[in-house]
Ligand code: UTP
């Protein structure tokens, strides 16, 4: 059973400057809830209640968000404002939190490798909380855990993306096993449209088997001088055990201003309840 979920939250969030100068990108709220809390709620729904945060400089607000605020609790105890704390209390009741620090921003692969001490030798989930996923039925990570229980392989979530935007993503090519499932044969990080092996882009949800740590350790820096998780996954795919899953649901790229505004409007119209 998968119990642990890693949240790499060390990035600088430069696309959101100046808002992210002193505040972590993951604390930006979609309506009234920070992005990272949406991610943690998705992990909990999938049964992954041991949350590991890979943080960096200036990310204290994330740790504080998942800690008890005695003053605040005391101040509003017994008042009609208590209802506003319900969702975060619920998260804190159900999940436990550990932290480790990525010393330098050396890429997503490096951030995951830093998480090894929190994960140990077991399969685990990864959520990039700037990708907000909304679904009608099971959350995306829960859909992936079901698949993991069937295949026992690393799984990446994918989405069809128009070719003119493909250069922003890791892209897979693979052998179709079912309508929504591929066995990965190739993977390229942020290819030019003419070099993209398909229009199937990797989004911020993964299930990884623990052998990925050794593979990352042997992965040299790739695109942009960063240790790319995509490169490590391609190596892991040589064993035939990396799947790509076209998830059911909708994803908003909240790391970009456009996606953030879209998500805000969507959540306000469809999910927000006072
Ligand atoms: P992004 O590519 O979105 O980078 O990282 P970023 O720094 O957060 O944002 P921009 O591009 O500067 O605006 C994808 C995810 O990987 C994490 C980020 O926190 C984000 O959740 N990450 C990336 C790390 O934790 N460490 C890294 O070295 C790189």
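In my numbering, the protein residues as written are 55 to 328. Glycine is no exception: its CB is placed at the ideal position from the N, C-alpha and C atoms.
{"Query": "Residue 119 classed as buried or exposed, judged by whether at least 16 other C-beta atoms fall within 10 angstroms", "Result": "buried"}
{"Query": "Contact test: residue 62 Cβ vs the ligand GTP heavy atom, cutoff 7 Å", "Result": "With respect to small molecules bound, the structure shown includes the ligand UTP and not the ligand GTP."}
{"Query": "C-beta contact flag for residue 183 and residue 93 at 8 Å", "Result": "yes"}
{"Query": "Beta-carbon proximity list for residue 329, same chain, < 8 Å, skipping 5 on both sides", "Result": "Limits of the chain in this structure are 55 at one end and 328 at the other, which puts residue 329 out of reach."}
{"Query": "Residue 116 to residue 249 span [Cα, whole Å]", "Result": "38 Å"}
{"Query": "Distance cut-off 7 Å: residue 108 Cβ against heavy atoms of the ligand UTP", "Result": "yes"}
{"Query": "Three-pair Cβ contact test at 8 Å for the region 58-78 versus the region 177-192", "Result": "yes"}
{"Query": "Nearest candidate by alpha-carbon position, reference residue 276, set 259, 245, 252 and 298", "Result": "245"}
{"Query": "Under the three-state DSSP convention, the category residue 237 falls into", "Result": "strand"}
{"Query": "Collapsed DSSP secondary structure at residue 153 in the structure displayed", "Result": "strand"}
{"Query": "Under 8 Å between C-beta atoms of residue 256 and residue 199", "Result": "no"}
{"Query": "Exposed unless 16 or more other CB atoms sit within 10 angstroms - verdict on residue 127", "Result": "exposed"}
{"Query": "Alpha-carbon spacing of residue 159 relative to residue 273, whole angstroms", "Result": "16 Å"}
{"Query": "Buried or exposed by the 16-neighbour rule on C-beta atoms within 10 Å, applied to residue 78", "Result": "buried"}
{"Query": "Segments of 4+ residues assigned as alpha helix (DSSP H) that fall wholly inside the region 243-282", "Result": "266-271"}
{"Query": "Any non-hydrogen atom of the ligand UTP closer than 7 Å to residue 178 Cβ", "Result": "no"}
{"Query": "Straight-line gap, residue 317 to residue 268 (C-alpha atoms, nearest Å)", "Result": "36 Å"}
{"Query": "C-alpha distance - residue 71 paired with residue 204, whole-angstrom precision", "Result": "42 Å"}
{"Query": "Where the alpha helix (DSSP H) through residue 220 begins and ends", "Result": "Residue 220 -> no alpha helix (DSSP H), and no H or E assigned at all."}
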